[in-house]
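J.: In terms of my numbering, the sequence shown opens at residue 28 and continues consecutively.
Pasting in a structure now, in structure tokens, and then I'll have a few things to ask.
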Amino acid sequence: MARLTQGTGRRLARDECGVTAVEFALIAPVFFLLLMGTFNLGQAVYLQGVFHGAVQDAGRDAGLEAAASNLAAIDNLVIARVKGIAPDGAIISSRKNYATFNDVGTPEDFEDANNNGAYDDNECFTDVNGNDSWDQDRAIGGLGGADDVVVYTADLTYRWLIPMGGFIGWADTNTVSASTVLRNQPFGSQAARPEKQICPA
Numbered sequence: 028m029a030r031l032t033q034g035t036g037r038r039l040a041r042d043e044c045g046v047t048a049v050e051f052a053l054i055a056p057v058f059f060l061l062l063m064g065t066f067n068l069g070q071a072v073y074l075q076g077v078f079h080g081a082v083q084d085a086g087r088d089a090g091l092e093a094a095a096s097n098l099a100a101i102d103n104l105v106i107a108r109v110k111g112i113a114p115d116g117a118i119i120s121s122r123k124n125y126a127t128f129n130d131v132g133t134p135e136d137f138e139d140a141n142n143n144g145a146y147d148d149n150e151c152f153t154d155v156n157g158n159d160s161w162d163q164d165r166a167i168g169g170l171g172g173a174d175d176v177v178v179y180t181a182d183l184t185y186r187w188l189i190p191m192g193g194f195i196g197w198a199d200t201n202t203v204s205a206s207t208v209l210r211n212q213p214f215g216s217q218a219a220r221p222e223k224q225i226c227p228a
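Spelled out as structure tokens, the structure:
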């Protein structure tokens, strides 16, 4: 009886039946996770390229004289370009305009009375955008007019091709951003900015 048990143990140790199934069970989850991640990454890279191209085209179209009355149609073209890749994608867009390229993203000028390198509430400043307060960005919202520099920014939120966020603790949506900086066509004289000096009391 002892020999039978010992022989059976040796046979079981040498038996490789079912090993493939065990190996597959160990490797398959990692393999499928990598495969799904590759599909999602491919979607994200392709969508980023298409989205950037669409935003660039929309920025150029918006620089024309007739664009002010067609902004909704121009934005809808961006949505139409990405619908095939992200059917349920939602786009939020904004436009800010400046007098020159040098003004983009720069704060309004101020008199640094105490030489601390930062604006303080009691210091005089040049209100470039006409809102009666000092701003980190001297932009005016909207498309602007002839010869103005426009920053067009759009954010696209979409669902992953394969929703696998729950497996790895990520969200099932992703957001990509695109922006372009272009000057409107010189279809007229550039309007003056509502610039004035303000000194808080």
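Heads up, the beta-carbon is just placed ideally off N, CA and C, and yes, glycines get one too.
All figures in this text were calculated on a predicted structure; none of them were measured in a lab.
Any idea what DSSP makes of TYR179, helix, strand or coil?
T.: It is a strand residue.
J.: Suppose only complete runs of 4+ residues qualify. What are the alpha helix (DSSP H) ranges in the segment 52 to 115, listed by chain order?
T.: List check, alpha helix (DSSP H) in window: 98 to 109.
J.: Our contact map puts VAL176 next to VAL109 with C-beta atoms below 8 angstroms; I'd like the distance itself, whole angstroms only.
T.: Between VAL109 and VAL176 the Cβ distance is about 26 angstroms, and since that is not below 8 angstroms, they are no contact.
J.: Can you round the beta-carbon distance between ASP239 and THR153 to whole angstroms, since I take them to be within the 8 angstroms contact cut?
T.: This structure does not reach residue 239, given that the chain is present from 28 up to 228, and the question cannot be answered.
J.: Between THR184 and the ligand NAD, is the CB less than 6 angstroms from at least one heavy atom?
T.: This structure does not include the ligand NAD; it has no bound ligands of any sort.
J.: Given this structure, state the Cα-to-Cα distance separating GLY111 from ALA93, to the nearest angstrom.
T.: Taking the straight line from one Cα to the other gives about 28 angstroms.
J.: Expressed to the nearest angstrom, what Euclidean distance is found between the alpha-carbon atoms of GLU50 and SER204?
T.: In a straight line, the C-alpha of GLU50 is about 42 angstroms away from that of SER204.
J.: For GLY116, which option in ILE167, ALA181, ALA173, THR207 has the closest C-alpha, if you only look at C-alpha atoms?
T.: That would be ALA181, whose Cα lies nearest to the Cα of GLY116.
J.: Going by alpha carbons, who is nearest to THR133 out of ALA166, GLY172, PHE66, GLY76?
T.: Answer by Cα proximity: ALA166.
J.: Can GLY90 and ASN201 be called in contact, C-beta distance under 7 angstroms?
T.: No, these two residues do not count as a Cβ contact at 7 angstroms.
J.: Could you give the C-beta distance for VAL105 and VAL82, rounded to a whole number, given that I count them as a contact under 8 angstroms?
T.: About 6 angstroms; that satisfies the 8 angstroms criterion.
J.: Tell me, to the nearest whole angstrom, how far the beta carbon of LEU170 is from that of LEU98; I am working on the premise that it is less than 8 angstroms.
T.: With a Cβ gap of about 7 angstroms, LEU170 and LEU98 count as contacting.
J.: Can you tell me which of the three DSSP states ASP154 falls into?
T.: Looking at ASP154 - three-state DSSP - the assignment turns out to be strand.
J.: How is VAL49 classed by DSSP in three states: helix, strand or coil?
T.: Helix, per DSSP.
J.: What is the rounded straight-line gap between the Cα of ALA55 and the Cα of ILE195?
T.: Distance between the alpha carbons of ALA55 and ILE195 is about 16 angstroms.
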